[in-house]
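Colleague: The sequence shown begins at 6 in my numbering and counts up one residue at a time. Ideal Cβ placement from N, Cα and C applies to all residues, glycine included.
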Amino acid sequence: NCTISGNTARAAQAGVGSDVPLSVFNSTIVFNESKYDLSIGGSDGVYSRADLVLQSSIVAGNGGVNGPNDLGGSPQISVSGHDNLVTSTAFVLPPAPVGPIVSTECPKLDVMKHSDMTGQNSYAPLADSPAIDLGNDQASLSLDQRFQPRLFGNGVDIGAVERNANDVDERIFTAHFDR
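1. Across the region 110-124 and the region 72-80, are there enough close Cβ pairs to call them in contact, namely three or more that are closer than 8 Å?
2. Give a single yes or no on whether GLY72 has its beta carbon closer than 7 Å to a heavy atom of the ligand GDP.
3. Going by alpha carbons, who is nearest to ILE163 out of ASN171, GLN150, GLY22, HIS119?
4. In the DSSP assignment, find the beta strand (DSSP E) that holds PHE30 and state where it starts and stops.
5. Roughly how many angstroms lie between the CA atoms of ASN31 and ALA170, to the nearest whole one?
6. Helix, strand or coil for THR92 per DSSP?
7. Between ALA129 and the rest of its own chain, which residues show a CB-CB distance below 6 Å, the 5 nearest in sequence each way excluded?
Okay, structure coming up:
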């Protein structure tokens, strides 16, 4: 359960970059950008040079000088996992339910909010988010990033935050105006 957001890199990856096998579970990696030309290889969200396991995570809205660029890596690596929402990728991946990506839709996240309980900032899914109830709990987490119950409703939500009855949508615009 973590949120990686709002990072800017002058070179290489702005979100997560790894040279060793990487596992990302129930995370939200959004709105990271690079000032570097990544057309020769790279990604502003998640980039891995070794095998990647992506489970129940949102990787969206990352980009830079080359446009949207959420998920990338060395061509020979294996990408596995399930129930992810990734809006753009350099990989050719099998479609759901076999492949790791369940949706390429906009994740429809609320504005970033600070949690007094955890001291962390996070994005909750809006009421009409495609992330609601479509995730999994392969990591056996009982709480989300805000220390709220990980399961609310018919299933676990994709990403670091589980939408619950107390969440109120505060977003006015949904076309990247607040980015």
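Modeller: Reading off the structure:
1. no
2. This structure does not include the ligand GDP; it has no bound ligands of any sort.
3. GLN150
4. 27-30
5. 20 Å
6. coil
7. ASP115, VAL166, ARG168, ASP172
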